[in-house]
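Colleague: Top to bottom, those sequences are chains C and U.
In this text, residue positions in the first sequence follow the numbering used here: the first is 1, and each later residue adds one.
In this text, residue positions in the second sequence follow the numbering used here: the first is 1001, and each later residue adds one.
We put the CB at the ideal spot given by N, CA and C, even for glycine.
Protein chains: 2
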Amino acid sequence: MHTDQLHELGQQLRVDSVRAAAAAGSGHPTSSMSAADLMAVLIARHLRYDFSRPEHPGNDRFILSKGHASPLLYAAYKAVGAIDDAELRTFRALGSRLEGHPTPRALPWVEVATGSLGQGLPIGVGMALAGKRLDRVGYRVWVLCGDGEFAEGAMWEAAEHAGHEHLENLTALVDVNRLGQRGPTRHGHDLGAYARRLRAFGWHTTEIDGHDPDAIDRACNEARSTAGQPTAILARTLKGRGVASAEDREGLHGKPLSDPEAAIEELGGRREVRVEVQQPPAARSLHAARSGHLSLPRYGVGDAVATRTAYGQALTALGHARGDVVALDGEVGDSTRAEYFAKEHPERYFECYIAEQQLVGAAVGLAARGWIPYAATFAAFLSRAHDFLRMASIGGASLIAIGSHAGVAIGQDGPSQMGLEDLALFRALHGSTVLYPCDANQTAQLVAQLANGSGIRYLRTTRGATPVIYGPDEEFPVGGCRVLRASDADRATVVAAGVTVHEALAAAETLAEFGIPVRVIDLYSVKPVDRDTLREAAERTGCLLTVEDHREEGGLGDAVLGAFTDGRPVPRLARLAVRTMPGSAAPDQQLHTAGIDAESIAAGVRLLVEHGVVK
Amino acid sequence: MHTDQLHELGQQLRVDSVRAAAAAGSGHPTSSMSAADLMAVLIARHLRYDFSRPEHPGNDRFILSKGHASPLLYAAYKAVGAIDDAELRTFRALGSRLEGHPTPRALPWVEVATGSLGQGLPIGVGMALAGKRLDRVGYRVWVLCGDGEFAEGAMWEAAEHAGHEHLENLTALVDVNRLGQRGPTRHGHDLGAYARRLRAFGWHTTEIDGHDPDAIDRACNEARSTAGQPTAILARTLKGRGVASAEDREGLHGKPLSDPEAAIEELGGRREVRVEVQQPPAARSLHAARSGHLSLPRYGVGDAVATRTAYGQALTALGHARGDVVALDGEVGDSTRAEYFAKEHPERYFECYIAEQQLVGAAVGLAARGWIPYAATFAAFLSRAHDFLRMASIGGASLIAIGSHAGVAIGQDGPSQMGLEDLALFRALHGSTVLYPCDANQTAQLVAQLANGSGIRYLRTTRGATPVIYGPDEEFPVGGCRVLRASDADRATVVAAGVTVHEALAAAETLAEFGIPVRVIDLYSVKPVDRDTLREAAERTGCLLTVEDHREEGGLGDAVLGAFTDGRPVPRLARLAVRTMPGSAAPDQQLHTAGIDAESIAAGVRLLVEHGVVK
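1. Grab me the residues of C/L252's own chain with a C-beta within less than 8 Å of its C-beta, minus the 5 sequence neighbours each way, in chain order.
2. For C/Q358, does the three-state DSSP call read helix, strand or coil?
3. With a cut-off of 8 Å, does the C-beta of C/F62 fall near any C-beta of chain U?
4. Counting Cβ pairs, one atom from each stretch, are 3 or more of them under 8 Å apart for the region 1521-1532 of chain U and the region 1378-1386 of chain U?
5. In angstroms with no decimal places, state the Cα-to-Cα distance between C/P437 and C/A106.
6. Can you tell me where the beta strand (DSSP E) with C/F341 in it begins and where it stops?
7. So U/W1156 contacts chain C; which residues on that side make the cut at Cβ distance below 7 Å?
8. Given the structure, does U/T1114 come close to the ligand HEM, in the sense that its CB is under 7 Å from one of the ligand's heavy atoms?
9. Mark C/P57 as exposed unless 16 or more other C-beta atoms lie within 10 angstroms of its C-beta, in which case mark it buried.
10. So C/C220 contacts chain U; which residues on that side make the cut at Cβ distance below 8 Å?
11. Taking just the CA atoms, how far does U/E1008 sit from U/E1266?
12. Please classify U/W1142: does DSSP put it in a helix, a strand, or coil?
13. Nearest-angstrom Cα distance between C/R337 and C/Y311?
14. Within the region 165-212 of chain C, note down every full beta strand (DSSP E) run reaching 3 residues or more, in order along the chain.
15. Check the Cβ-Cβ distances between U/G1365 and every residue of chain C, and say whether any is below 8 Å.
16. For the region 582-597 of chain C, enumerate the residues whose C-beta is nearer than 8 Å to any C-beta of chain U, in chain order.
17. Go to C/I402, then tell me how far its beta strand (DSSP E) extends in each direction, as first and last residue.
18. Is there contact here, the region 588-601 of chain C with the region 1226-1239 of chain U, by at least three beta-carbon pairs under 8 Å?
19. With contact counted as at least three CB pairs below 8 Å, one residue from each stretch, are the region 1006-1026 of chain U and the region 1067-1083 of chain U in contact?
20. In whole angstroms, what separates the C-alpha of U/I1601 from that of C/G330?
21. Using a Cβ-Cβ cut-off of less than 7 Å, list which residues of the region 1022-1052 of chain U approach chain C; keep chain order.
22. For U/I1410, which beta-bridge partners are listed by DSSP?
23. Check U/I1469 in the structure and name its three-state DSSP category.
24. What do you reckon, are the CB atoms on U/A1367 and U/F1350 nearer than 8 Å?
25. Below 8 Å on C-beta distance, what does C/H164 contact in chain U?
26. In whole angstroms, give me the CA-to-CA distance for U/E1339 and C/G27.
27. Assuming U/V1547 contacts U/E1599 under a Cβ cut-off of 8 Å, what Cβ separation, rounded to an integer in Å, is found between them?
28. Hey, which unbroken runs of the beta strand (DSSP E) at 3 residues or more fall wholly within the region 25-64 of chain C?
29. Taking CB distances under 8 Å as the criterion, tell me whether U/D1248 reaches chain C.
30. According to DSSP, is U/P1230 helix, strand or coil?
31. Tell me, please, whether the CB atom of C/I354 is closer than 8 Å to any CB atom in chain U?
32. Check each residue of the region 1447-1475 of chain U: if its Cβ is closer than 7 Å to any Cβ of chain C, include it; give the result in chain order.
33. Which residues does DSSP pair with U/Q1278 in a beta bridge?
34. Counting only Cβ-Cβ distances shorter than 7 Å, please list the residues of the region 383-417 of chain C near chain U, keeping chain order.
35. Thinking C-alpha only, which one of U/E1111, U/E1168, U/M1155 and U/D1209 is nearest U/S1034?
36. Confirm, please, whether the CB-CB distance from C/A321 to C/G292 is below 8 Å.
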C-alpha cells in the first residue's frame, strides 16, 4: 500500500472508531485516534496474518495492550475484511462480539483478553518466548501499548524478561499520546524518558512522529531487522488526532465525541480502503508432535512424601509423555520442586525470576500458542498475579497454576510465606478448578489430569512430608472426593483436604475411642465440589465439620457450605480454619495454635455432637 | 565509631546471625552475612533513631525489604541494646517476637511487615512522601534491598514514583550478593545493570564494595547530601561472607550453616560491640494538629446519586474536619471521584498513576507514619495489589481501600473493568472490614466511620446512580445491617447489598402482589456480618436468599452462610450471584443476564417458597 493510502487508511480507522463509539454511546474513540496511524501501517505493511485461519502457526501475533482502544481494533478488522460495517456498529451492544475490551472468547483474532493495563506486553513476552524457543516458526509479536501503562510494574517485569532473553521477535508500538484517563501522564511527550528506561533494560528503541506513516514504516522495518534485542517504537501522538475539538485535550477519555457527524466530516468522511494483509509463510506446529506413554512416579503407602515433591516428579514424568507441557517458575524451583522438570526438560522450562505477574503473563502467552503451562511459586506469592489470573479467566486462557507452601503448616517462616488466602482467590475466578491433594500419589494423578482440563486450574501443595495414604493406581476425578472412613453409626462428618486430612484421620481414631464414630471426607477437589457426597454424608451423620489450613473466608469451608444452597433443608454445620495471625513456630505447633490439628478437630466434633453448638 | 570497629561490628552481626539461625534450626544466615557491613555502617554512623521511643516523629525509618535477612536485623537490635542475647536465641520459636520475617505486630522498631520481596521500597516511598510533603521533619528513609527483588515490577513502580517526586530523603541500600534462592540472579555482580536502570528512572546511584566500611560510609554521606534525587547504594557483596564453606556458594539459601561453631570461630568468635545510635533531632508531629467539625454531604431521599460520588464528596468533607486524612488514587480519580478531595486538599492527595502496588505500598507507608490513607481505584484493579494488602494485614497496617465500579452493574465496559472477585479478596484478609453501601447517605456515613477503624478496611462503590433510600442522619454501624422490610407474615428473607438492595426492594413489591411477603435486609457490612439478625430473619421466615453483584464464591453469599456455622440447625438457603462471564451490555441488561435483577430475585423466592428447591 502506498504512503498516501496509509494516511487514508489511518483516517478511515479514525472515522470508524468515532462511528463505533457513537453507535454504542460509550467507548474510547480518542484513545483509538492517537494510535490509528500505527495500526494502519502495521496491518498494511508489516503484519503477516491469515484472517481466515487465526490458528495458522505462522501468523504474526498482535496484542492490543491498551485494550480500551477496541474501536481501533474493530475498525482494523473491518478494513481487513474480517467483519462488516453492520457488525462494527454493534459495538458494546448486548450479544455483540465487539465488547468494550477485546477478548478471544468472542473473537478468533484476539489472542488474549486485555483491558487491565500493563498486561499485553508481559503476555506478548510469553508468546515471543514460545516463538523463539519452542515454535521456531519465525512469527513476530506486535504489542500496541499505551504510554500510561508504563507506570505498571508488570511492564518492567516484561521489559526485563524480554531484554534478558533477547527477544528480537517482539516489538512494542508505544502510543505516546501524553494523556491518561484523568490528565497528563508522568512523562507527557518526553519520548526520551521511555527510551532511556527501555534501553537500560536492554531494548532497542526508536523515537518517531506517530502520525507520519513513513516514519512508522521505517521504524517497523528497523524493528524487524534488529537482531538480539526487542524493539520499542516510541511514537509521539495526539489523543483525538484529527478532530480539533478533541485533539490533545483533557477530559475526553472514554467518551464518544460530542458531535460525531462533524468529526467524521473533519476527518474527510467515510472511506472504504480495503487492506490486503500479508499472508504468513507456510509453517507447522511442533508441539503436537511428541506424545508418549505416561509413567507417573509411584509412592508406597505409609511413606512420607511432600506433595510439592510429588508435583515436581509427576510433572517431570508428564513432560516425558507429552511434548506440549511446559513449566515456569518464579525463582523458587528448589522449593516448588519445579527444578526437577527443569533438569530433565530444560528447553521447556522458563525461569521467570521473582516476577509473579510476568510468570503468569508468560504462561498466558504460552497457552495462547497452544502450550500447556504449569506455572509455580509459593501460594502466597501467586496473589501478586491475581489480576493477571482474573484477566486470563476472562479471556478463557487454559493454564495450570501451582501454589506451594500452603498454610500454617509451613512452620517457622511465618505468615508472609504462608498461602492462607489462595483457595479464596482461585475459587472466585470464573470457571476455575481448585485442587488440594493430601498425598503424593493423589498429587501425581491430579498433576497429570490437569493437563487435559480447561480454564484456570489451581493445585495447592504442601511443604512438609505427609503420609502416603492412597495406592499409586487409585483415581481421583476432578469434582470428586474420597470418603476415607464411614459407618452407619457415624455421628458427624469431618471434611478436610491436604494436611488436615491426616489430622482428621487421627481425630477420628481418638473420637472412636470416645465412642463417637465419625465419617472423614478428603475433599481434594475444592472446586468443583462433590455436592451429592457432601449432602449425603451430612444428612446421614446429622452434622458436618470442615477443617482447613486456610482463612475461614472463601476456602474449603465456604466451598462445602456452597453445596447446601439449593434451598433444601441444611444439616448442622461448623468449621475450623485459621482465625488468628500466626507467628513463627514448628509445623505441629502451628496447626495446634491455629486450632486445626487432630486435637482441635476432636474437640470440635464433641462440641457439635454433644452440645449442638460450636463457638 | 572508628572504621576498625565497623568491621568488628559487621563480624559481630554475622556471628549473631549465624547463632540465631543455629538456635532456630532454620532461617537465612547467608543472606544476612552479605548485608552485615551495610547494616553495621548504617546503624553506627548514619541512622538517627531513638530505640526507647520508636514513635519519635524525628526518627529515621529503616525497612528491611529483604525480610528474610531477619537474623541480621535482630543481631542489629542486639548491638544497639534493644534486645538481649537470650531473646536473640528465641529466633523463630513459638511465642518469640523474633519471627522468621519481621513484623511490627511483634516488634516496635519494625515499621512494616516484610517477607514478600519487592514491597519494602514501595512502602519506603510512601514514608518518604510523608516525610517530604506532610511531616516535614527531616527524617530519612533507609531501605535495605536484595538484588533479586529488583525483578519485581513493584520495585520499578517505586523507582518511578520516587524519582518523579525527587525523594532525596530516600536511600536504597542494595545488597548485590548475586545469588537468589535457587541460583544466580539475572545480573549477577553487574552493578552497572542496576545503576543504568535506576538512573534511567531518575535516581542517583553509587557503586561500591559492600564489604568496605569506608566505602559504605562515603556512599551514605553521598546519599545524605544528594539533592533532588533518591539514592541507590549498589553494594557488591558475597552471600555467606566471611565463612569459606558458605561464601558465594549456591544451594545455601535459607539454611543454617552446617557447622555454626566452626563458622563463628572463622568469623573471629563472639563479640560484644555496642552501638550508640545517633538520636534524632527534636521534632513534633504535625498531623494531629488540625481537627474540626465534620459536615458530611446530605442527600435527599429519592434522589439518584452514585455511591462513588458520595465517596468523593464525603472524603472531601472528612478532609476538612480531620487533618490526618490523606487520599491516594491510581490515575482514575475522575472515576473513583477521589478528584474531589484532590481539588480541595491537594497537599494531602497522592497521584500514584496506574501502579496499584505502589498505590497500596504508599498507603502502607503513609499509615506507618500515622496518616489515615484512603486509597482508591477500580475494584477490579485492586486485585493487582493483593499481595501488598496481604502483607499489610500481616503487619497490622491501618488503611482504607476503596474499590469503585463494582460488579456487572458498570455496564458496557465489560468484564475486564468489573470488580467481581473483590469481596472474596478482601474478606479473606485477616482482620479486614468489608463494606458495600447501597446509597449515598449510607456511603457518606461509612466513609467517615472508617477513619476510626483498624486493619484493612474496604469500601466497595458503584458506578451508576442509585436511589437515596436513607436519610442523612441515619447511622450505620460497622457489623450491622438494615432490615428494610419486614412483617410477621414474611415467607422468605432476601439479603442484598449495594445495587441489589434496590433490586430486592423491587422484587419484594412484585412478590407482595403475588401474596408472598418477604423480608429484605441491606447487608452493608459484609464483614463483620450481623449473625444475630440474619439468623433471626432466617428462622422467622423459614428460608433465606442472598443476591449479589459478585461471583458466587467468597462474597456476600458466603458471608451470610458463615453466619450459620455455629452448629445449630440451619434454615433453608439459596443464593443468586454472577455465574456467567458477562460481555458488554447496558447496566440493566447486565443485571438481568446475570440473574440478579428484581425479576430474577422474585423468581428465586418463588422457587424457594413454592418448590423448596432452587436450581
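Modeller: If we stick to the structure as given:
1. T30, K239, G240 and A246
2. helix
3. no
4. no
5. 34 Å
6. Note, C/F341: premise wrong, no beta strand (DSSP E); alpha helix (DSSP H) at A338 to E344.
7. G153 and W156
8. What this structure holds is no ligand at all, so the ligand HEM is not there to describe.
9. buried
10. The contacting residues do not exist; C/C220 stays about 25 Å from chain U at best.
11. 13 Å
12. strand
13. 7 Å
14. 170-176 and 204-209
15. no
16. G583, S584, A585, A586, Q589 and T593
17. L399 to S404
18. no
19. yes
20. 45 Å
21. A1024 and S1026
22. None, per the DSSP bridge assignment.
23. coil
24. no
25. R1186
26. 21 Å
27. Not quite, the Cβ-Cβ distance comes to about 12 Å (not below 8 Å), so this is no contact.
28. 61-64
29. no
30. coil
31. yes
32. none
33. U/R1048
34. S383, R384, H386, D387, R390, M391, I394, Q412, D413, G414, P415, S416 and Q417
35. U/D1209
36. yes
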